[in-house]
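Enquirer: Structure provided below as structure tokens; questions to follow.
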Amino acid sequence: WWDIVQQQQQQQQDNDTANKNENHSHHICQECMLLPINNGNESKDQTLVTDFESPLFEGTLLLRIRHAPSNMTGQVEEDAANGYFHGMNRRYQAVIQGKFRTTIPEQQQQALSMTECVTGMSFYRKYGKLPPKWIVKGALKVLSFFAPQLDCQMDGDAPCSITPLGSTPQVLKVESQDKFNKNNGNNNTSGNSLASMQEEPTLANETLLGEASDASTSLTRARFRKKAFDKLYVAKSKDPQIDPTKVYTFEFLQHLVNFTEMEIELGSFLGSVQLAEVLNGQPLQIMAATTQQQSQHEGNGDTKKKNGGRMASTVNNKNALWAFDIWHEKLIPASLKHDG
Numbered sequence: 112w113w114d115i116v117q118q119q120q121q122q123q124q125d126n127d128t129a130n131k132n133e134n135h136s137h138h139i140c141q142e143c144m145l146l147p148i149n150n151g152n153e154s155k156d157q158t159l160v161t162d163f164e165s166p167l168f169e170g171t172l173l174l175r176i177r178h179a180p181s182n183m184t185g186q187v188e189e190d191a192a193n194g195y196f197h198g199m200n201r202r203y204q205a206v207i208q209g210k211f212r213t214t215i216p217e218q219q220q221q222a223l224s225m226t227e228c229v230t231g232m233s234f235y236r237k238y239g240k241l242p243p244k245w246i247v248k249g250a251l252k253v254l255s256f257f258a259p260q261l262d263c264q265m266d267g268d269a270p271c272s273i274t275p276l277g278s279t280p281q282v283l284k285v286e287s288q289d290k291f292n293k294n295n296g297n298n299n300t301s302g303n304s305l306a307s308m309q310e311e312p313t314l315a316n317e318t319l320l321g322e323a324s325d326a327s328t329s330l331t332r333a334r335f336r337k338k339a340f341d342k343l344y345v346a347k348s349k350d351p352q353i354d355p356t357k358v359y360t361f362e363f364l365q366h367l368v369n370f371t372e373m374e375i376e377l378g379s380f381l382g383s384v385q386l387a388e389v390l391n392g393q394p395l396q397i398m399a400a401t402t403q404q405q406s407q408h409e410g411n412g413d414t415k416k417k418n419g420g421r422m423a424s425t426v427n428n429k430n431a432l433w434a435f436d437i438w439h440e441k442l443i444p445a446s447l448k449h450d451g
């Protein structure tokens, strides 16, 4: 796979050189890297992961996007009969596994609560062309069905949409380092453990809230955790607190975004929305961050406000737990227009 990445980077460099005189080249910033995206057809030992660290979190990312070009061949493939996405409606899986840092900047050693952590997207430029308001309103209702505590600001120069980190993941598991080592061959992180099917824990000491559901399915156990955590989030509870000695595993699933066409599909009534027109040259994000309570947030009828307007400020290297960008070729023209 590394040979393929090098070939792709060399081809991009050649293309940039060829287009330099026309000023049409699009350069990746010096601080950025191309990271692997799996398409679900890989075997466990061929699934690629990305190790990362931020001031607040150190861990590993596994990303699967349905019909992404293969890391091995560079070709777009249909779902394999034994592939991860076969027989499922989901189009995206991101698994983050790792540990929170012991020292939280600007927290003065104060314990960080999970209710102070959010996930979602935070943009630095206002949206482009939005769909009609009735479609936006319908889309928010659809999204709120899956994420009842959704905070979404559509207007303004820094739009964002956030949800609680404690209730958004489809799976959230908390393990002691000893238990994690025992389960994963005494490695600090394990690509194979990430590549395996994730399940909401059945043991109380491996759950976020210290209380396990006796439900027989992972989905039902996750609903139990989501409902209980959302109550804590609304109440701005200081519990559960982050334990920097534990290994946290978060699995995020999504089925609405068609990454091939770069559109969000909202059903037969609302139809599909072209995301490139909305995002205005900005990438989709895999993001989690800490956030502070804000008493007020200006907005209009397109803004859904909950919990006193608890919104994510622009993500930066101080408050981000992790932040990755997902680019698509349809985003490049507007990105070149705004960012050069």
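Position in the sequence shown (first residue = 1) + 111 = the working numbering.
A virtual CB, placed ideally from N, CA and C, is assigned to each residue, including glycine.
Quick caveat, the model's predicted, so the values are computed rather than measured.
How should A333 be labelled, buried or exposed, when 16 other C-beta atoms within 10 angstroms of its C-beta is the threshold for buried?
Expert: Label assigned to A333: buried.
Enquirer: In terms of residue numbering, what span does the beta strand (DSSP E) encompassing L395 cover?
Expert: Here the beta strand (DSSP E) through L395 covers 395 to 401.
Enquirer: Just to confirm my understanding: we take A339, look at its own chain, exclude 5 residues before and 5 after, and list those with CB closer than 8 angstroms. What are they?
Expert: So the list reads L320, E322, once near-sequence residues are dropped.
Enquirer: Around the C-beta of A346, are 16 or more other C-beta atoms found within 10 angstroms, so that it is buried, or is it exposed?
Expert: A346 should be labelled exposed.
Enquirer: So, is Q260 buried or exposed, given that buried needs 16 or more other C-beta atoms within 10 angstroms?
Expert: Answer is buried; the Cβ neighbour count reaches 16.
Enquirer: Using the C-alpha atoms, what's the distance from K248 back to D162?
Expert: Cα-Cα distance, rounded: 38 angstroms.
Enquirer: Quick check on the burial criterion: 16 or more other C-beta atoms within 10 angstroms. Buried or exposed for V206?
Expert: That one is buried.
Enquirer: For Q403, which residues of its own chain have a beta-carbon under 7 angstroms away from its beta-carbon, when the five flanking residues on both sides are left out?
Expert: Any reading at Q403 must be qualified, since the residue scores a pLDDT of 49, below 50, and its modelled position is unreliable; the value itself is stated next. So no residue of the chain qualifies.
Enquirer: Under a three-way DSSP split, which group does R212 fall into?
Expert: If DSSP states are grouped into helix, strand and coil, R212 belongs with coil.
Enquirer: F256 and K432 - do their beta-carbons sit closer together than 9 angstroms?
Expert: The sequence as given places Leu at residue 432; Lys does not occur at that position. Not a contact, by the Cβ cut-off of 9 angstroms.
Enquirer: Would you call the CB atoms of R175 and Q208 closer than 9 angstroms?
Expert: Contact flag unset, no.
Enquirer: Going by CA-CA distance only, name the one from R336, Q281, T318 that's closest to Q365.
Expert: Taking only the C-alpha atoms, the option nearest Q365 is Q281.
Enquirer: Whose C-alpha, out of R177, T328, L343, is nearest the C-alpha of E189?
Expert: Among R177, T328, L343, the Cα nearest to that of E189 belongs to R177.
Enquirer: Give every residue of the same chain whose Cβ lies closer than 6 angstroms to the Cβ of F335, excluding the five residues on either side of it in the sequence, and list them in chain order.
Expert: The residues are S324.
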